[in-house]
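J.: Numbered per my numbering, the sequence shown spans residues 180 to 301.
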Amino acid sequence: MPTVLVVDDTLFMRVAISNMFTEWGYEVVGKAANGKEAVAMYRELQPDLVTMDVTMPVMTGIAAVKKIIPEFPHAKIIMVTALGQQKLIVEAIESGAKDFITKPFEPERLKAVADQLLGQNC
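1) Tell me where the beta strand (DSSP E) around G209 begins and ends.
2) Express the C-alpha separation of P236 and Q299 in angstroms, rounding to a whole number.
3) Go through its chain and collect everything with a Cβ distance to K277's Cβ below 7 angstroms, but skip five positions before and after it.
4) Shortest alpha-carbon distance to F251 belongs to which of V183, V218, A212?
5) Return the Cβ separation of G136 and M199 in integer angstroms, given the expectation that the two are a contact with Cβ distance under 8 angstroms.
6) Cβ of G240 within 9 angstroms of Cβ of V259?
7) Determine the DSSP secondary structure at F191, reduced to helix, strand or coil.
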């Protein structure tokens with residue numbers, strides 16, 4: 180069962196994304212409200228996949244990616260962004276994020292990206 184870390188500063192999004200992954204047969208091993216928590220949790224849990232909000236207080240998703248990837252070059256991070264943040268997405272991908280989805284998104288889109296990154300045939 181693939182493991183997932185869900186990172187978003189909005190409780191609603193953390194719960195919604197976590198529920199989606201649980202429904203799809205993934206194990207949600209952690210939830211973080213900002214990039215700083217995400218980095219600490221990634222080091223501890225080393226999940227198979229991370230969904231990372233771009234804009235968060237304390238530490239942004241991009242700053243978190245820039246801390247995680249040098250330590251864990253094979254980390255699979257999907258950026259979750261609002262419309263109009265294309266420039267930030269380019270920076271995130273260049274920093275090592277593997278893909279992105281734009282809010283609001285269809286659950287099927289997130290599942291397709293996650294399954295592709297993990298090589299799942301779900």
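Idealized CB from N, CA, C, for every residue including glycine.
T.: On the basis of the data shown:
1) Bounds of the beta strand (DSSP E) holding G209 are 206 to 211.
2) Answer to the nearest angstrom: the Cα atoms are 33 angstroms apart.
3) Counting only Cβ-Cβ distances below 7 angstroms, and skipping sequence neighbours, we find K255, I256, I257, L296.
4) Taking only the C-alpha atoms, the option nearest F251 is V218.
5) Only positions 180 to 301 of the chain appear in the structure, and residue 136 is not among them; the question remains open.
6) Cβ distance < 9 angstroms, so G240 and V259 count as in contact.
7) In this structure, DSSP gives F191 a helical state, which the three-state scheme calls helix.
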